[in-house]
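See below for the structure under consideration.
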Amino acid sequence: MIGAARALPFERRVPAFAAMNARVISPLAGYGRRALANLQMIYPERRAEWHRETAQAAVYNAGRVMIENYSNPTFMERAARFEVRGNGFAAIRAAQAEGRPVVLATGHFGNYEAGRAALLARGLPAGGLYRPMSNPYFNAHYRQTMEIMGPPVFPQGRRGTMGLLRHLQGGGMAVLLTDVHVPGAPFFNFLGKPARTALSAAELAIKRDALLVPFYATRLNGGLEYRVELEPPVDPASAEAMTRSLVDSLEARITAHPGQWFWVHRRWKGAPEGAVL
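Last residue of the sequence shown: 342 in this note's numbering, with the numbers rising by one and none dropped.
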C-alpha cells in the first residue's frame, strides 16, 4: 500500500494514504475504537461529537505521519523549509558548538521525525533508538528510513543503548520518546490518569551532563507543513522531577492540539501499587 501511494505526487499522496488508513486499515485493526475509548476515558466531560472528531483526527494524522516518513527525499526537502523556533533552538546550537551532548525529549505528537529532519537540514543531526522488526527486509528499510531523518540510529536493547550512550559521550544529540508504556517504570500522572513512564531521558541527561530539551513538530492547519519548536532546557534536578517536567510539557501540547497525539496506542496499563508522580 505504501508503494502504491508513493506513485502519487506528495501533495496528493499524504491525504490519500491518510484517508485509506482511516477508512480501511483503522477499522480492521480497531485503531479508531481504541482512540475513541482513550478519549472518552481522559475527557469524560466532552461531548460525544468531540470524541468522534478527535479520534478521527488522530487516526488521519497517524496515516499522514506514516506516509510522510516513507516519502524521501521529498519530505527531507520540505523539512528544510519548516520553521524552527523556541529558546531551546539557540541552546542546542550553543551546546553542540561546545561539544556538549543534547537529549531531545518528545512524544507521539504531530510528527517528531519532521523535527529530526528539520534539524538535520540545519546541520544538527539527532540520532535515536528504534524497535527492530522481525522481517529482515522491512527492518533494513525501516532503519534506513530513520537514518535519513537523522543518523545514527540504534536498535532497542542493551547493545543499542550502549551505542546511544557512546554517541552522547562524544557530544552527539539524540531523540527519546517519553510517552511509551515501559513495564516496571514508575507511574506518572499523565492527562489525569496514571501511566508508566520511563526516566530514561532524564537519567541520560544527568549521567552524560547533557542538555535536556523538550521538542515538537506540530502540523499546521491539518496540512503538509510543520512548525518545529524547541522549549527551554529542563532545569537540572532529580530524574523524577525532570521527567515530571517533560510530562507536563507534552500534556500542554496535547491539550492545545488533541487530534495530533497518537490516541491509538495503549498508554494506560495496569494499576499503581504505590505513589503516582
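C-beta: ideal position from N, C-alpha, C; glycine also. Since we're looking at a predicted model, the values are computed, not measured.
From what residue to what residue does the alpha helix (DSSP H) around residue i run?
i, result
"residue 80", "75-85"
"residue 92", "91-94"
Using a 10 Å radius around the Cβ and a threshold of 16 neighbouring Cβ atoms, would you call residue i buried or exposed?
i, result
"residue 101", "buried"
"residue 215", "buried"
"residue 294", "buried"
"residue 162", "exposed"
"residue 325", "buried"
"residue 227", "exposed"
"residue 263", "buried"
"residue 131", "buried"
Looking only at its chain, what residues have a beta carbon closer than 8 Å to the beta carbon of residue i, apart from the 5 residues adjacent to it on each side?
i, result
"residue 76", "289"
If residue i and residue j are in contact, beta carbons under 8 Å, what's the gap, nearest whole angstrom?
i, j, result
"residue 186", "residue 144", "6 Å"
"residue 181", "residue 240", "6 Å"
"residue 233", "residue 273", "5 Å"
"residue 208", "residue 218", "6 Å"
"residue 308", "residue 253", "7 Å"
"residue 195", "residue 220", "6 Å"
"residue 104", "residue 84", "Residue 104 to residue 84, Cβ: 21 Å. No contact."
"residue 311", "residue 266", "6 Å"
"residue 251", "residue 342", "6 Å"
On a Cα-Cα basis, can you pick out the residue from the options that is closest to residue i?
i, options, result
"residue 334", "109, 259, 298, 95", "259"
"residue 323", "173, 243, 209", "173"
"residue 88", "115, 126, 104, 73", "126"
"residue 237", "268, 276, 248", "276"
"residue 292", "78, 154, 132", "154"
"residue 128", "140, 118, 82", "82"
"residue 138", "94, 106, 80, 74", "74"
"residue 116", "311, 136, 98, 130", "98"
Considering only residues of the same chain and omitting the five flanking positions on each side of residue i, which have a CB-CB separation below 6 Å?
i, result
"residue 319", "326"
"residue 169", "191, 240, 278, 280"
"residue 152", "297"
"residue 183", "144, 147, 149, 293"
"residue 213", "137"
"residue 211", "195, 218"
"residue 141", "182"
Might you give, ordered along the chain, the residues of its own chain that have their beta carbon closer than 7 Å to the beta carbon of residue i, omitting 5 neighbours on each side?
i, result
"residue 123", "100, 324, 326, 327, 328, 329"
"residue 285", "291, 292"
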